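One structure is given here, and the rest of the page talks about it.
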Amino acid sequence: MEISTQPPPPSGPADFQKLLDDWSQAIVENDADKIRHFTTSDWQLVDTNGIIPLDRFLEVVKSGDLEHDEMTHEVTSVQHIHDVAIVVTHGRNHGRWQGKAFSADEWTTEIFVWQDNRWLCHHTSLTPRQSSGD
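Residue numbers (our numbering): 261 to 394.
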(Lines of atoms letter the chains of each structure in order from A and count residues from 1; the text may use other names and numbers.)
(Lines give C-alpha, C1' and ligand atoms only; values in the text may rest on other atoms or scores of the structure.)
Protein backbone atom coordinates (compact mmCIF):
# COMPACT_ATOMS: atom_id res chain seq x y z
CA MET A 1 0.00 0.00 0.00
CA GLU A 2 1.38 3.36 -1.04
CA ILE A 3 1.36 6.18 1.46
CA SER A 4 -0.24 9.24 -0.09
CA THR A 5 2.28 12.00 -0.57
CA GLN A 6 -0.27 14.45 -1.88
CA PRO A 7 -2.80 15.98 0.48
CA PRO A 8 -6.40 15.17 -0.35
CA PRO A 9 -7.95 17.48 -2.91
CA PRO A 10 -10.87 19.65 -1.89
CA SER A 11 -13.74 17.15 -1.98
CA GLY A 12 -17.35 18.02 -1.44
CA PRO A 13 -20.74 16.38 -1.74
CA ALA A 14 -20.63 16.15 -5.56
CA ASP A 15 -17.25 14.37 -5.47
CA PHE A 16 -18.44 11.80 -2.95
CA GLN A 17 -21.77 11.44 -4.76
CA LYS A 18 -19.88 10.37 -7.90
CA LEU A 19 -17.67 8.00 -5.89
CA LEU A 20 -20.66 6.41 -4.15
CA ASP A 21 -22.59 6.13 -7.42
CA ASP A 22 -19.65 4.25 -8.97
CA TRP A 23 -19.23 2.00 -5.93
CA SER A 24 -22.98 1.29 -5.86
CA GLN A 25 -22.83 0.28 -9.52
CA ALA A 26 -20.05 -2.21 -8.72
CA ILE A 27 -22.23 -3.67 -5.95
CA VAL A 28 -25.26 -3.95 -8.27
CA GLU A 29 -23.02 -5.69 -10.82
CA ASN A 30 -21.97 -8.14 -8.05
CA ASP A 31 -18.37 -7.55 -9.10
CA ALA A 32 -16.16 -8.33 -6.10
CA ASP A 33 -13.00 -6.99 -7.75
CA LYS A 34 -14.65 -3.65 -8.54
CA ILE A 35 -16.14 -3.47 -5.04
CA ARG A 36 -12.69 -4.03 -3.50
CA HIS A 37 -11.34 -1.10 -5.57
CA PHE A 38 -13.39 1.34 -3.45
CA THR A 39 -12.33 0.07 -0.01
CA THR A 40 -9.34 -0.28 2.24
CA SER A 41 -8.22 -3.86 2.80
CA ASP A 42 -9.67 -3.76 6.32
CA TRP A 43 -13.02 -2.14 5.47
CA GLN A 44 -15.93 -3.21 7.60
CA LEU A 45 -19.68 -2.82 7.45
CA VAL A 46 -21.72 -2.42 10.62
CA ASP A 47 -25.43 -3.19 10.46
CA THR A 48 -28.07 -4.37 12.92
CA ASN A 49 -26.47 -7.83 13.02
CA GLY A 50 -22.99 -6.56 13.88
CA ILE A 51 -19.66 -6.23 12.07
CA ILE A 52 -19.12 -7.69 8.61
CA PRO A 53 -15.49 -7.61 7.39
CA LEU A 54 -14.64 -7.00 3.73
CA ASP A 55 -13.67 -10.61 3.02
CA ARG A 56 -17.02 -11.91 4.33
CA PHE A 57 -18.95 -9.31 2.33
CA LEU A 58 -17.10 -10.23 -0.86
CA GLU A 59 -17.59 -13.94 -0.13
CA VAL A 60 -21.40 -13.61 -0.07
CA VAL A 61 -21.32 -11.44 -3.20
CA LYS A 62 -19.19 -13.98 -5.09
CA SER A 63 -21.36 -16.90 -3.95
CA GLY A 64 -24.54 -15.17 -5.10
CA ASP A 65 -26.02 -15.27 -1.58
CA LEU A 66 -26.20 -11.46 -1.69
CA GLU A 67 -27.44 -9.73 -4.83
CA HIS A 68 -28.46 -6.12 -5.32
CA ASP A 69 -30.81 -4.97 -8.07
CA GLU A 70 -30.63 -1.32 -7.15
CA MET A 71 -28.59 0.86 -4.80
CA THR A 72 -28.74 4.64 -4.49
CA HIS A 73 -27.18 7.20 -2.18
CA GLU A 74 -27.99 10.85 -1.64
CA VAL A 75 -25.06 12.57 0.05
CA THR A 76 -26.39 14.78 2.84
CA SER A 77 -23.20 15.72 4.70
CA VAL A 78 -19.42 15.70 4.21
CA GLN A 79 -17.00 16.54 7.02
CA HIS A 80 -13.21 16.52 6.73
CA ILE A 81 -10.65 15.87 9.44
CA HIS A 82 -7.20 15.97 7.83
CA ASP A 83 -6.99 12.86 5.57
CA VAL A 84 -10.39 11.52 6.65
CA ALA A 85 -13.83 12.33 5.27
CA ILE A 86 -17.03 11.40 7.05
CA VAL A 87 -19.87 11.15 4.55
CA VAL A 88 -23.52 10.72 5.56
CA THR A 89 -26.03 9.59 2.96
CA HIS A 90 -29.64 8.59 2.61
CA GLY A 91 -29.29 5.15 1.05
CA ARG A 92 -31.83 2.85 -0.55
CA ASN A 93 -31.28 -0.59 -1.95
CA HIS A 94 -33.21 -3.61 -3.14
CA GLY A 95 -32.01 -7.12 -3.73
CA ARG A 96 -31.99 -10.66 -2.45
CA TRP A 97 -30.34 -12.40 0.47
CA GLN A 98 -30.16 -16.16 -0.11
CA GLY A 99 -32.99 -15.81 -2.63
CA LYS A 100 -35.31 -13.81 -0.35
CA ALA A 101 -36.17 -10.27 -1.49
CA PHE A 102 -35.25 -7.31 0.72
CA SER A 103 -35.49 -3.53 0.59
CA ALA A 104 -33.65 -1.09 2.79
CA ASP A 105 -34.14 2.62 3.44
CA GLU A 106 -31.34 3.77 5.71
CA TRP A 107 -28.86 6.39 6.75
CA THR A 108 -25.30 5.42 5.92
CA THR A 109 -22.19 6.81 7.55
CA GLU A 110 -19.12 6.23 5.40
CA ILE A 111 -15.62 6.92 6.69
CA PHE A 112 -13.21 7.54 3.82
CA VAL A 113 -9.44 7.82 4.14
CA TRP A 114 -7.08 9.46 1.66
CA GLN A 115 -4.80 6.58 0.73
CA ASP A 116 -2.84 5.74 -2.42
CA ASN A 117 -3.77 9.24 -3.67
CA ARG A 118 -7.51 8.50 -3.69
CA TRP A 119 -10.45 8.25 -1.33
CA LEU A 120 -11.07 4.70 -0.04
CA CYS A 121 -13.87 3.66 2.27
CA HIS A 122 -12.61 2.29 5.57
CA HIS A 123 -15.90 1.88 7.44
CA THR A 124 -19.62 1.83 6.66
CA SER A 125 -22.38 1.99 9.30
CA LEU A 126 -26.03 1.50 8.43
CA THR A 127 -28.89 2.98 10.46
CA PRO A 128 -32.45 2.08 9.41
CA ARG A 129 -34.60 5.14 8.71
CA GLN A 130 -37.81 5.52 10.64
CA SER A 131 -40.90 5.49 8.47
CA SER A 132 -42.45 8.91 8.04
CA GLY A 133 -45.87 7.31 7.71
CA ASP A 134 -46.16 8.14 4.00
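The beta carbon of each residue, even a glycine, is placed where N, CA and C say it ideally should be.
Model, not experiment: these values are computed from the prediction.
**Message:** In the DSSP output, what is P313 paired with across the bridge?
**Reply:** BP columns for P313 point to Q304.
**Prompt:** Across which residues does DSSP place N353 in a beta bridge pair?
**Reply:** DSSP, once it has assigned bridges, lists M331, A364 as partnering N353.
**Asked** At what residues does the beta strand (DSSP E) containing S284 begin and finish?
**Response** Unbroken run through S284 is the alpha helix (DSSP H), 273–288; no beta strand (DSSP E).
**Assigned secondary structure, R378 (DSSP; H/G/I helix, E/B strand, else coil)** = Strand at R378.
**Message:** Give me, in chain order, the residues of the same chain whose beta-carbon lies closer than 7 Å to that of P273; leave out the 5 immediate sequence neighbours on both sides.
**Reply:** Contacts found: V335, V338.
**Item:** Own chain, CB closer than 6 Å to L280, minus 5 neighbours either side, in chain order
**Value:** Sequence-distant Cβ neighbours of L280 in its own chain, meaning closer than 6 Å and more than five residues away, are H333.
**Terminal residues of the alpha helix (DSSP H) in which H297 lies** = Per DSSP, H297 belongs to the alpha helix (DSSP H) from 292–297.
**Request:** Thinking R325 and Q358 are a contact (beta carbons under 8 Å), I'd like their distance in whole angstroms, please.
**Result:** Note on residue identity: the sequence assigns Asp, not Arg, to residue 325. Yes, D325 and Q358 are in contact; Cβ-Cβ is about 5 Å, under 8 Å.
**Asked** Do F276 and A345 come within 8 Å of each other at the CB atom, strictly closer than that value?
**Response** For the pair A345 and F276, the CB atoms are nearer than the 8 Å cut-off.
**Item:** Identity of the residues DSSP links to E370 by a beta bridge
**Value:** Bridge partners of E370 according to DSSP: V347, T384.
**Request:** Return the Cβ separation of W367 and T387 in integer angstroms, given the expectation that the two are a contact with Cβ distance under 8 Å.
**Result:** The pair is a contact, with the Cβ atoms about 4 Å apart (cut-off 8 Å).
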